[in-house]
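Before any comments, here is the structure.
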Amino acid sequence: MSPVHPLCLIDPEGEKVSPMPGGTRAGYEKYFPNCDIHRLTESTTPFIDTATTNIYKLGDGKYYHVHGSMDTGPSQKALGIDRTPHLTTSSFKEACDIMETSTLQHTANELDELMNETYRQAGTICHSITEYRETPHGRANAHVGLYEIHQHTSSTQHPSWWSSIQNHSSPARPLFALKVLDITRIIAAPTITRELAELGASVLRITSPHITDMSQLQLDLGWGKWNAHLDLRKEEDRMKLKELILEADVVDGYRPGVLQKWGFGKEDILEMVSERERGIIYAHENCYGWNGPWAHRSGWQQISDATTGVSLEFGRAMGIDEPVTPVFPNSDFCTGIVGAVGILNALIQRGEKGGSYVVDIALNYYSQWLINSCGTYPHEVWDDLWSRYDRFVFHSMDNMGVTKPILNFVEGVVEPGYNVGSRPNGTDVPKWPVNLLTEVIV
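For the sequence shown, the residue numbers in our numbering are 15 to 456.
This is how it looks when you write it as structure tokens:
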């Protein structure tokens with residue numbers, strides 16, 4: 015079976031190009047130029063860099079998920095690894111052995127402090143469900159469901175909806191003419207805005223050429239979005255971003271504090287629109303959740319799975335008592351769907367009550383909901399499956415490169431679709447077009 019899934023294939027003029035292994039990567043980059051500044055997502059990426067994101071055993075017997083993020087250098091430095099002599103390592107397994115030799119020199123709490131607080135890299139102890147619940151951070155977020163909404167009342171911001179224009183708004187495209195500013199990257203947060211675009215919203219994504227990004231995700235997550243460059247290091251571009259915000263609602267998917275240093279944090283944006291007649295929906299997504307001592311930490315889908323206990327339960331479901339990252343980024347995409355639902359909820363509340371609304375979204379919120387509301391199958395279910403099929407086991411050092419075709423579902427009342435097609439970063443001029451069906455902003 016070819017590893018190139020139809021959803022990851024584009025076929026301009028019969029070229030059949032794909033960002034995935036087995037596809038024509040060079041052809042793909044003709045349409046989506048590589049924005050991965052540190053070149054971590056290529057077939058030629060050294061195994062030592064790929065292995066920097068994985069689960070490893072520690073000296074105290076516990077497990078830790080190390081993450082290379084978008085630049086593996088800081089994580090390797092924290093572990094005392096000089097990548098230079100390992101650039102020619104011949105296999106992923108050999109590179110993992112090099113990594114684990116280093117992690118075995120650390121205890122869980124020591125490495126967690128080193129990674130997150132000293133080097134500010136994503137990483138986490140692989141907790142059990144009970145262990146996570148008993149952490150101060152787990153207790154601080156235990157009350158949260160899939161998301162939290164906070165109303166910010168204002169005597170000047172009355173109940174309101176966005177303006178319906180050009181007679182395109184309908185039950186089939188319920189969010190048409192809603193302007194959403196997308197300041198996100200990677201998977202979960204861009205999924206939020208893609209879901210809104212699918213319901214008719216006009217989404218403008220803002221990024222910058224000096225910010226590293228995963229171009230292979232743009233094919234999937236860029237649907238329905240215009241895409242423009244701004245450099246917030248420049249005063250004139252900060253003013254342009256402010257002008258865009260004054261007409262829109264906002265989704266922020268960067269590490270907590272990143273946009274705040276440029277004057278676009280939560281409180282900054284709420285103050286920015288305080289004189290606006292229509293309140294703002296400000297949705298922000300992170301890994302750990304917005305309460306407790308780890309709220310400032312960066313994180314990824316794998317980190318959320320590991321810290322909340324999902325990874326350990328995934329391993330136990332296969333009959334091994336060790337954490338294994340789920341083979342698909344389930345929490346990423348589901349958090350995106352959850353975030354879109356939270357924004358829909360906030361839009362309804364703004365229409366009924368007025369004011370502005372902050373929507374707190376986090377990978378951990380979805381993960382703990384999955385644990386609390388769904389849980390795992392009982393042992394007899396697994397025993398029955400294993401008696402009828404071969405027992406298969408994934409370990410943390412295994413990979414999956416081939417999937418079966420996805421299921422097809424009939425459409426409902428809402429007619430999913432996108433107003434504009436996917437595109438590379440910086441295609442559009444950073445302004446709202448008069449015609450919200452404009453394909454490219456010039």
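Note that beta-carbon positions come from the ideal geometry of N, C-alpha and C, so glycine has one too.
Return the Cβ separation of residue i and residue j in integer angstroms, given the expectation that the two are a contact with Cβ distance under 8 angstroms.
i	j	result
H164	Y302	Not a contact, Cβ separation roughly 18 angstroms.
C140	Y45	Not quite, the Cβ-Cβ distance comes to about 39 angstroms (not below 8 angstroms), so this is no contact.
W446	L273	The pair is not a contact, with the Cβ atoms about 20 angstroms apart (cut-off 8 angstroms).
A242	D96	Actually they are not in contact, since the Cβ atoms of A242 and D96 sit about 39 angstroms apart, beyond 8 angstroms.
I295	V287	No, I295 and V287 are not in contact; Cβ-Cβ is about 10 angstroms, not under 8 angstroms.
D263	K367	Rounded, the Cβ-Cβ distance is 16 angstroms, inconsistent with contact.
V158	Y379	5 angstroms
W314	H100	Rounded, the Cβ-Cβ distance is 23 angstroms, inconsistent with contact.
A354	Y371	The pair is not a contact, with the Cβ atoms about 14 angstroms apart (cut-off 8 angstroms).
Y70	T322	That pair is no contact at about 19 angstroms.
Quick check: the Cα distance between residue i and residue j, rounded to an integer number of angstroms?
i	j	result
S345	V324	10 angstroms
D227	T86	14 angstroms
S410	A186	43 angstroms
D319	S89	19 angstroms
Q316	A154	21 angstroms
T221	L195	11 angstroms
R405	T390	17 angstroms
K91	D63	12 angstroms
S436	L451	14 angstroms
E299	I200	12 angstroms
S169	P47	47 angstroms
L284	K107	49 angstroms
L231	F190	25 angstroms
G440	L244	8 angstroms
L125	Q119	9 angstroms
S216	K254	18 angstroms
W396	M84	37 angstroms
S104	H52	21 angstroms
D398	M332	13 angstroms
A297	L210	12 angstroms
P17	L72	Annotation note: pLDDT 40 at P17 (below 50); position unreliable, no value reported.
A376	T339	18 angstroms
K30	I24	6 angstroms
E429	L213	8 angstroms
P337	I362	40 angstroms
P444	E257	10 angstroms
P33	E249	35 angstroms
D412	L326	15 angstroms
E281	G271	11 angstroms
Using only CA atoms, which one of the options lies nearest to residue i?
i	options	result
W237	P204, N359, P392 and S312	P204
G365	Q274, D335, Q171 and I95	Q171
E162	D412, T452 and L358	L358
G267	V454, V443, M286 and W304	W304
L260	S104, G333, Q363 and E291	E291
M123	P99, T115 and T149	According to the sequence displayed, residue 123 carries Asn and not Met. Nearest of P99, T115 and T149 to N123, Cα basis: T149.
R208	I375, G431, S401 and L101	G431
I455	K239, A156, H100 and R147	K239
I225	T58, L246, L231 and G214	L246
D335	G440, I206, H52 and G75	G75
P223	P33, D50, V434 and Y379	D50
F328	L384, V372, S177 and G368	L384
E289	T167, E394, F61 and G28	T167
S387	P438, A156 and S32	A156
D374	E281, L326, L160 and V434	L160
P307	L93, E127 and G41	E127
Next on the checklist: With a threshold of 8 angstroms, are at least 3 pairs of Cβ atoms found where one atom belongs to the segment 275-286 and the other to the segment 128-147?
Outcome noted: no
Checklist entry - Taking contact to mean at least 3 C-beta pairs separated by less than 8 angstroms, is the segment 107-124 in contact with the segment 346-357? => result no
Item to check | Whole runs of the alpha helix (DSSP H) within the segment 114-174, excluding any shorter than 4 residues | outcome: 122-127, 143-148 and 150-154
Checklist entry - Where in the segment 370-449 do unbroken runs of the beta strand (DSSP E), each at least 3 residues long, occur, reported from the N-terminal end onward? => result 370-376
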